[in-house]
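Here the sequence shown stands for residues 163 to 443, numbered as in the numbering used here. This report concerns only the one structure given below.
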Amino acid sequence: MRNKKIGLALSGGGARGLAHIGFLRVLEESGIHIDLLSGTSFGGIIAAAYAAGFSVDFIEQEALKLSKVRELIKLIDVNPARRGLMEGNKVKEYMTRLFGADRQIETLDLPLTLNAVDIKTGKEVVFSQGPLVTAIMSTIAIAGIFPAVRYKDYLLVDGGTLNNLPINHARAMGANIVIAVDVQIDPHHEKMPYQEATKPHGLFSLPEYFSDFYRTQLIMVNELKEANLKVHHPDILISPKISPDINMFSGFTRASEIIEVGKEAAREHLPELLELCRNDT
């Protein structure tokens with residue numbers, strides 16, 4: 163019998179988070195069973211889908227369908243109130259169709275936490291129960307892209323603002339072994355083309371100043387991640403080698419490529435992963 167629980171912590175990173183799908187594919191093919199998941203931002207979507215019992219095949223098919231520009235455009239609704247570039251209602255409708263309007267986190271097949279940040283208090287808010295779609299919309303509410311989500315007394319934005327790799331939440335759920343997958347760009351070690359964040363990609367053109375905002379966010383998120391890693395250590399940390407010219411926005415049309423990179427990262431670390439599992443019996 164297994165005497166330890168394996169937790170998987172999936173980082174945010176927008177479209178780069180599609181690599182999580184490939185990573186999960188190799189884990190399943192190798193017989194590595196995940197007991198619980200924690201996820202932030204786009205990693206939260208993938209973690210929620212897997213925890214809800216969707217097969218990796220289904221998750222990948224959805225990702226490939228949305229890699230087509232005509233499908234992505236269906237999710238875009240410009241926000242006239244200017245609380246974000248997008249209103250987010252079409253994304254919420256899609257998530258509701260996918261997961262169901264009444265699905266609660268505590269009813270999922272696997273334990274799950276999603277984290278967001280309350281901009282009224284500056285504190286992290288962790289969802290381990292309650293409405294799944296609300297938690298998803300909160301953890302992906304990137305400031306400047308989506309408006310903040312009102313829930314109870316909170317005004318919630320993207321969980322990656324404070325904790326883009328939620329290792330601590332996997333531990334708090336009881337994981338003895340934590341596998342962490344970080345897909346975000348490291349601005350200190352990866353040379354991202356400066357204007358890449360505003361490069362036209364068939365959906366909408368971001369303002370040129372957004373390049374400064376994007377890089378500033380990357381620096382902040384990376385520094386906080388490094389600080390968190392000094393306190394909360396995963397048993398294995400994996401960073402798929404995603405091309406730095408793939409950013410959180412334009413990468414969706416390169417879904418196949420990103421998913422394959424996730425597979426390659428899992429295969430590269432498979433001996434270590436299997437050894438962890440052998441030690442789990």
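Glycine included, C-beta positions come from ideal geometry on N, C-alpha and C. Note that the structure is predicted; figures quoted are calculated from it, not measured.
- [ ] May I have the straight-line CA-CA distance separating Glu434 from Ile341, to the nearest angstrom?
- [x] 11 Å
Task: Closest by C-alpha distance to Ile267, when choosing among Gly306, Ile421, Ala210, Glu191 - done: Ala210
TODO: Note down, one range per segment and in chain order, each alpha helix (DSSP H) of at least 4 residues found wholly within the segment 313 to 340.
DONE: 329 to 334
Task: Extent of the continuous alpha helix (DSSP H) run through Lys252 - done: 251 to 261
Open item on the list: Measuring only the C-alpha atoms, how far is Thr415 from Ile298?
Closed with: 22 Å
Task: Asn277 vs His331 beta-carbon contact at 8 Å - done: yes
Task: Simplified DSSP assignment, three categories, for Val188 - done: helix
Open item on the list: Is it the case that the segment 418 to 430 contacts the segment 391 to 404, given that we only count it when at least three CB pairs across the two stretches are under 8 Å?
Closed with: yes
Open item on the list: Three or more C-beta pairs under 8 Å: does that hold for the segment 248 to 255 against the segment 296 to 315?
Closed with: yes
Task: Rounded separation between Glu249 and Asp197 - CA only - done: 35 Å
Task: Alpha carbon of Arg440 to alpha carbon of Gly169, nearest angstrom - done: 15 Å
Open item on the list: Need the endpoints of the beta strand (DSSP E) that Glu286 sits in, please.
Closed with: 285 to 289
Open item on the list: Can you tell me where the beta strand (DSSP E) holding Val279 begins and where it ends?
Closed with: 274 to 280
- [ ] Inspect the CB distances between the segment 221 to 241 and the segment 188 to 197 and report whether three or more fall short of 8 Å.
- [x] no
Task: For Arg178 and Val345, believed in contact at Cβ under 8 Å, the rounded distance - done: 4 Å
Open item on the list: Based on DSSP bridge pairs, tell me the residues matched to Leu199.
Closed with: Leu170, Leu274
Task: Inter-residue spacing [alpha-carbon to alpha-carbon] between Ile307 and Asn165 - done: 43 Å
Task: Buried versus exposed, by CB contacts within 10 Å (16 or more), Asp320 - done: buried
Task: Limits of the unbroken beta strand (DSSP E) element including Ile398 - done: 398 to 400
- [ ] Taking all protein chains shown into account, decide if Ala263 is buried (16 or more other Cβ within 10 angstroms of its Cβ) or exposed.
- [x] exposed
Task: Exposure label - Gly424; buried when at least 16 CB within 10 Å - done: buried
- [ ] Measure how close the beta-carbons of Leu180 and Ile421 come, nearest whole angstrom, since I'm counting them as under 8 Å.
- [x] 5 Å
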